[in-house]
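Take a look at the structure below.
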Amino acid sequence: MDDLTGRVRAFAEERDWQQFHTPKNLAMALAGEVGELIAEFQWLTPEQSAAVMADPDAGSRVRAEIGDVMIYLTRLADVLGIDLVETALTKLEDSARRYPIEQARGSAAKR
Numbered sequence: 001m002d003d004l005t006g007r008v009r010a011f012a013e014e015r016d017w018q019q020f021h022t023p024k025n026l027a028m029a030l031a032g033e034v035g036e037l038i039a040e041f042q043w044l045t046p047e048q049s050a051a052v053m054a055d056p057d058a059g060s061r062v063r064a065e066i067g068d069v070m071i072y073l074t075r076l077a078d079v080l081g082i083d084l085v086e087t088a089l090t091k092l093e094d095s096a097r098r099y100p101i102e103q104a105r106g107s108a109a110k111r
């Protein structure tokens, strides 16, 4: 993760784009890229969505959009000084407490 963060940061710095990489702009760009990812699944059935990577064209588009999402999320976290891995692990621990296996197994109910 540190390597990716450094490479994304260097990419922005080499182009003098850090001036545009405010948290607001990055969050908006991230939302746009998530929207493009969603569009790839919009009219698919659940079965088609599960098999999307088997289609070379659709799989390539999904892979590209996930790459864009990851890049913008990585850059946003970097600009905000957030360790993505630590934050995700903390959130996972919180979710494990909120959704104990014996109460949450097989249920989609929010708590």
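The numbering of the sequence shown is the UniProt record's numbering, which starts it at 1 and goes up by one. Glycine included, C-beta positions come from ideal geometry on N, C-alpha and C.
From residue i to residue j, what distance separates their C-alpha atoms?
i: residue 91; j: residue 108; result: 18 Å
i: residue 14; j: residue 94; result: 38 Å
i: residue 110; j: residue 85; result: 24 Å
i: residue 40; j: residue 97; result: 33 Å
i: residue 106; j: residue 19; result: 47 Å
i: residue 22; j: residue 80; result: 9 Å
i: residue 83; j: residue 1; result: 9 Å
Exposed or buried, what is residue i when buried is set at 16 or more other beta-carbons lying within 10 Å of its beta-carbon?
i: residue 75; result: buried
i: residue 78; result: buried
i: residue 50; result: exposed
i: residue 12; result: buried
i: residue 44; result: exposed
Are residue i and residue j closer than 7 Å when you measure CB to CB?
i: residue 55; j: residue 33; result: no
i: residue 36; j: residue 65; result: yes
i: residue 72; j: residue 4; result: no
Exercise for the section: Let me know the alpha helix (DSSP H) ranges lying completely inside the segment 20–85, each 4 residues or longer, listed in chain order. Expected result: 23–41, 46–50, 56–80
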